[in-house]
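With the working numbering as the guide, the letters of the sequence shown map in order to residues 14 to 353.
We put the beta carbon where it would ideally sit given N, CA and C, even for glycine.
It should be emphasised that the depicted structure is a prediction, and the values quoted were computed from it without experimental measurement.
In what follows, a structure is listed as structure tokens, so that the remarks can point back to it.
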Amino acid sequence: MSLFELIKRSEEIKLAADHGDAQAQYDLGRMYEEGRGIKQDLAKAMQCYLKAAERGYSKAQYELGLMYSRLPANKKNEEEAIKWIQLAMEGFHQAAENGDAEAQCRLGEIYDMAKSESQNKRIKTVAAALALFCGEKDAKWYGEESARWFQMATEVFRQAAEQGDVKAQFELAGIYCWFMGGRENEEKGVQWFQKAAEQGLADAQHELGYMYSTGWCVADQDIEEALKWYTRAAEQGHLLAQTFLAKTYAGCDGLMEPRYAEALKWYFKIAERGDTTAQHNIGVMHAKGQGTAQNITEAQKWLRKAVDQGDQTAKKSLHLFGVFLNQRDEKALEELKLIF
């Protein structure tokens with residue numbers, strides 16, 4: 014189920030989660046973690062994942078392990094991360110050997126991470142858990158295992174994708190683009206992302222937006238094409254797509270001249286979810302009259318919203334704005350910057 018579908022079914026999911034349904038608890042955890050259709054809350058996400066994980070739900074065990082891996086490094090967090098990832102591996106293997114393509118795909122990703130020499134803490138934790146699960150292996154062995162599981166998943170997903178299954182199209186596209194490599198596979202991946210996107214899958218629309226904005230896997234970088242796909246995803250409530258649009262229209266990455274009114278529109282949508290960066294930027298834009306008339310009251314209101322949630326950058330910006338108001342110090346106003 015895509016995250017957009019989770020949003021549409023949010024009340025149903027919450028009710029099922031309260032009644033102990035592991036799938037619903039996992040889905041609710043995803044919503045809290047991603048801030049989709051609900052205010053982002055990582056602590057609540059972990060609570061939801063834990064409930065599902067304790068019921069033996071492998072995907073929740075894996076996500077819980079990953080969340081522990083991102084917490085401050087200490088012995089307890091590391092032990093919890095490895096424990097839950099190992100348990101997830103057991104479940105994934107059992108499901109994969111019974112023909113579950115999604116489990117096969119997850120195993121492909123995990124073995125692919127294990128062959129990496131990256132010092133990323135999450136990847137190192139996954140590799141450590143996998144080494145305990147299957148014994149110390151070299152990068153070649155991990156690569157062969159990754160390719161084996163991806164090949165199995167590809168065969169299953171392809172059959173479903175050709176029948177119009179949008180989830181299978183998305184998963185198949187990801188395997189081709191992210192893991193198989195080579196221009197021919199990248200082209201296949203883009204084609205499957207396109208099919209899923211045209212069926213309305215917001216995650217696929219977001220991926221196409223990313224590809225065209227960076228030039229990855231596509232023939233040419235094309236910002237207008239990127240904006241088209243990001244907008245389609247954003248209009249469905251896709252947070253990452255909304256964030257990209259806000260940042261791009263604000264001119265943060267130099268892809269285009271700022272269109273502050275458009276940026277402000279998307280920052281408002283993100284701020285409604287409690288995002289402090291968006292709240293800060295709305296305050297700054299009202300303070301400087303970017304995309305809207307300068308409005309002191311609105312500027313202070315939005316900066317205070319972010320400050321009340323503990324945002325230190327917003328606290329500094331509110332101080333600078335106060336200096337500008339009290340001393341008419343234009344330099345203080347110039348120092349107010351959007352953050353990305």
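Item	Value
Cβ-Cβ distance between Leu351 and Ala263 below 8 Å	yes
Beta-carbon separation (whole angstroms), Ala109 vs Ala116, contact threshold 8 Å	4 Å
For Leu214, three-class secondary structure by DSSP	coil
Continuous alpha helix (DSSP H) stretch holding Gln53: start and end	No alpha helix (DSSP H) contains Gln53, which DSSP labels as neither H nor E.
Own chain residues within Cβ distance below 7 Å of Leu349, not counting five before or after	Val297, Ala300, Lys301, Ser330, Leu333 and Phe334
Arg43 in three-state terms, based on DSSP	helix
CA-to-CA distance, Ala312 to Gly33, given in whole angstroms	44 Å
Extent of the continuous alpha helix (DSSP H) to which Met80 belongs	Ser71 to Arg83
When Arg341, Arg286, Asn308 and Ala166 are compared against Ala114, the one with the closest alpha-carbon	Ala166
Exposure label - Glu92; buried when at least 16 CB within 10 Å	exposed
Reduced DSSP secondary structure (H/G/I, E/B, other) of Arg341	coil
Cβ pair Cys265, Phe353 closer than 8 Å	yes
Contact set for Lys52: own chain, Cβ-Cβ below 6 Å, skip 5 residues either direction	Arg286 and Gly287
Same chain, Cβ closer than 7 Å to Arg135, five either side skipped, listed in chain order	Leu79, Ser82 and Arg83
Rounded straight-line distance, which links the Cα of Thr138 to that of Gln132	10 Å
Extent of the continuous alpha helix (DSSP H) run through Tyr155	Ala152 to Glu175
Unbroken alpha helix (DSSP H) run spanning Trp191, endpoints	Run containing Trp191: none; DSSP gives neither H nor E here.
Where Gly202 falls: helix, strand or coil (DSSP)	helix
Close beta carbons around Gly222, own chain, < 7 Å, minus the five adjacent residues each side	Ala239, Trp242, Tyr243, Ala246, Ala254 and Phe257
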